[in-house]
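S.K.:
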Amino acid sequence: MKILQHSTTEIMVVAAAREIADGEVVFAGTGLPILGAMLAQRMHAPNCDIVFEAGAVAPRMLHLPMSVGDSRTLFGAAQAAGLFDVFNYILQGGRVDVGFLGGAQIDRYGNLNSTALGPDYRHPKVRLPGSGGSADVSALSSRTVIIARHEKRRFPERVDYRTSPGWLVGGNSRERAGIPGGGPAAVVTTLGVIKYRPITREPYLASYHPGATPLNVKAETGFEIDCSEAVETSAPSNDELEILRRVVDPEGIFLRG
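Residue 353 in the working numbering sits at position 246 of the sequence shown; the count goes up by one each step and never skips.
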């Protein structure tokens with residue numbers, strides 16, 4: 108059997124999908140998180156339920172939605188709710204197992220910045236869109252998965268502004284701060300997958316994508332990261348790629364973006 112070639116975007120989506128277990132509730136945003144959740148639902152996690160910020164709860168989508176407010180998110184849904192219901196009854200109620208996030212900066216302990224770049228908050232170099240619902244998702248999900256382009260400027264030792272809490276300053280600092288959710292479990296990037304030690308919450312490279320190396324990861328990371336245990340990310344299977352290309356995103360809306 109011929110092994111299909113994959114793109115960086117495709118291996119990121121597959122790696123994200125593999126973070127979802129069957130039966131879990133997934134809070135997914137626009138873009139690659141939707142692709143990952145839909146792929147997981149069609150592969151190894153048919154009983155996972157996707158929740159969208161705009162109000163769709165547990166749909167069985169036939170077509171890829173363009174955004175979290177797209178009417179296609181409502182096909183086969185258990186509930187057509189609203190933002191208030193999703194954030195209060197589902198997220199704050201502790202019912203989200205996996206929340207997908209992104210940001211302009213991700214620091215050593217998985218804290219995210221999507222607010223402002225630069226040392227002066229009132230006079231930033233760049234003013235970003237802000238939290239949206241990401242602070243809530245990062246604080247209240249049982250665990251989070253971050254998706255990001257791996258560039259040194261995006262991975263500083265410390266974020267310029269902490270929009271969404273990760274493991275704060277490591278150790279049990281998140282617990283001491285009274286934040287109930289479980290924190291970041293993985294950061295899926297264009298170069299590999301970063302995870303965190305159970306007690307110290309120090310980051311380590313779990314895997315590097317085919318074509319990348321641990322040296323590439325170190326060079327594009329603004330903090331020290333342990334790469335000693337890293338293995339190559341398992342390439343997407345033909346089945347995963349076929350479903351992703353033919354069923355989930357046949358028009359290449361996000362895969363080619």
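Note that CB positions come from ideal geometry on N, CA and C, so glycine has one too.
Just so you know, these numbers come straight off a predicted model, no measurement behind them.
Quick check on DSSP: helix, strand or coil for G143?
M.R.: Walking along the sequence shown from the start, residue 143 turns up at place 36. G143 falls in the helix class under three-state DSSP.
S.K.: On a CA-only basis, which of V164, R179, R352 is nearest A185? Give me that one, please.
M.R.: Counted from its first residue, the sequence shown places residue 185 at position 78. Checked all of V164, R179, R352; the closest Cα to A185 is V164.
S.K.: Ends of the beta strand (DSSP E) at V175?
M.R.: Position 68 of the sequence shown, counted from the first residue, corresponds to residue 175. It is not in any beta strand (DSSP E) - V175 carries neither H nor E in the DSSP assignment.
S.K.: Measuring CB to CB, does T251 end up less than 8 Å from A292?
M.R.: On the sequence shown, residue 251 is found 144 positions in, with the first residue counted as 1. On the sequence shown, residue 292 is found 185 positions in, with the first residue counted as 1. It is a contact, given that the beta carbons lie within the stated cut-off.
S.K.: At which residues does the alpha helix (DSSP H) containing R308 begin and terminate?
M.R.: Indexing the sequence shown from 1 puts residue 308 at position 201. That residue, R308, is in no alpha helix (DSSP H); it is neither H nor E in DSSP.
S.K.: Mind checking S114: buried by the 16 CB within 10 Å criterion, or exposed?
M.R.: What you label residue 114 is simply residue 7 of the sequence shown in a count that begins at 1. Label assigned to S114: exposed.
S.K.: Taking the C-alpha atoms as reference points, what is the distance between I157 and V276?
M.R.: Taking the sequence shown and counting its residues from 1, one reaches residue 157 at position 50. Taking the sequence shown and counting its residues from 1, one reaches residue 276 at position 169. When rounded, the distance between both Cα atoms is 31 Å.
S.K.: Kindly indicate which residue of E117, R352, M145, G138 has the alpha-carbon position closest to the one of D129.
M.R.: Numbered from 1 along the sequence shown, position 22 holds the residue referred to as residue 129. For the residues E117, R352, M145, G138, the minimum Cα distance to D129 belongs to M145.
S.K.: Taking 8 Å as the threshold, find out whether the segment 231 to 239 comes into contact with the segment 272 to 288 through three or more Cβ pairs.
M.R.: The answer is no - the segment 272 to 288 does not touch the segment 231 to 239, with fewer than three Cβ pairs under 8 Å.
S.K.: Quick check: what's the CA-CA separation for G299 versus D267?
M.R.: Indexing the sequence shown from 1 puts residue 299 at position 192. Indexing the sequence shown from 1 puts residue 267 at position 160. Spanning the two alpha carbons is a distance of roughly 24 Å.
S.K.: May I ask you to report which of helix, strand or coil DSSP gives V88?
M.R.: The chain is shown only over 108 to 364; residue 88 falls outside these bounds and no answer can be derived.
S.K.: Check whether the Cβ atoms of G285 and N218 sit closer than 8 Å, and answer yes or no.
M.R.: The residue labelled residue 285 in the question sits at position 178 within the sequence shown. The residue labelled residue 218 in the question sits at position 111 within the sequence shown. Result no, Cβ atoms of G285 and N218 do not sit closer than 8 Å.
S.K.: Mind reading off the beta-carbon distance from R261 to I213? Whole number of angstroms is fine, and I expect it under 8 Å.
M.R.: Along the sequence shown, read from residue 1 onward, the residue named residue 261 stands at position 154. Along the sequence shown, read from residue 1 onward, the residue named residue 213 stands at position 106. Yes, R261 and I213 are in contact; Cβ-Cβ is about 6 Å, under 8 Å.
S.K.: According to DSSP, is A319 part of a helix, a strand, or is it coil?
M.R.: For the purposes of this step, residue 319 is taken as the residue at position 212 of the sequence shown. If DSSP states are grouped into helix, strand and coil, A319 belongs with coil.
S.K.: Measuring only the C-alpha atoms, how far is F194 from D243?
M.R.: If you number the sequence shown from 1, residue 194 lands on position 87. If you number the sequence shown from 1, residue 243 lands on position 136. Cα-Cα distance, rounded: 8 Å.
S.K.: Who are the near neighbours of F182 in its chain, counting only those whose CB is closer than 8 Å to its CB and skipping five residues on each side?
M.R.: As a position in the sequence shown, residue 182 is number 75, starting the count at 1. These residues qualify, in order along the chain: P166, R167, M168, L169, H170.
S.K.: Output yes or no for whether 8 Å exceeds the beta carbon distance between T340 and I127.
M.R.: Locating residue 340 in the sequence shown gives position 233, where the first residue counts as 1. Locating residue 127 in the sequence shown gives position 20, where the first residue counts as 1. No.
S.K.: On the premise that I301 lies in contact with I332, defined as a C-beta separation below 8 Å, what is that separation, rounded to the nearest angstrom?
M.R.: Taking the first residue of the sequence shown as position 1, residue 332 is located at position 225. Taking the first residue of the sequence shown as position 1, residue 301 is located at position 194. Confirmed, about 7 Å.
S.K.: Could you check if V295 belongs to the surroundings of the ligand ZN, using beta carbon to heavy atom distance under 7 Å?
M.R.: Here there are no bound small molecules, and the ligand ZN is not part of this structure.
S.K.: Looking at the unbroken beta strand (DSSP E) that takes in T132, where does it start and where does it end?
M.R.: Along the sequence shown, read from residue 1 onward, the residue named residue 132 stands at position 25. According to the sequence shown, residue 132 is Val rather than Thr. Its beta strand (DSSP E) spans residues 132 to 134.
S.K.: Is the CB-CB distance between L139 and A123 below 8 Å?
M.R.: The residue given as residue 139 occupies position 32 in the sequence shown. The residue given as residue 123 occupies position 16 in the sequence shown. Contact flag set, yes.
S.K.: Which whole-angstrom value describes the C-beta separation of G143 and V120, a residue pair presumed to lie in contact below a C-beta threshold of 8 Å?
M.R.: Stepping through the sequence shown from its first residue, residue 143 is reached at position 36. Stepping through the sequence shown from its first residue, residue 120 is reached at position 13. The pair is a contact, with the Cβ atoms about 5 Å apart (cut-off 8 Å).
S.K.: In the DSSP assignment, the beta strand (DSSP E) including R250 goes from what residue to what residue?
M.R.: The residue you call residue 250 lines up with position 143 of the sequence shown. Taken as a continuous stretch (DSSP letters only), the beta strand (DSSP E) holding R250 covers 250 to 255.
S.K.: Just to confirm my understanding: we take A246, look at its own chain, exclude 5 residues before and 5 after, and list those with CB closer than 8 Å. What are they?
M.R.: One-based indexing of the sequence shown puts residue 246 at position 139. S271, P272, I286, P287, G288, listed in sequence order.
S.K.: Starting from V205, trace the beta strand (DSSP E) in both directions and tell me its first and last residue.
M.R.: As a position in the sequence shown, residue 205 is number 98, starting the count at 1. It spans 205 to 208 - the beta strand (DSSP E) in which V205 sits, taken as one unbroken run.
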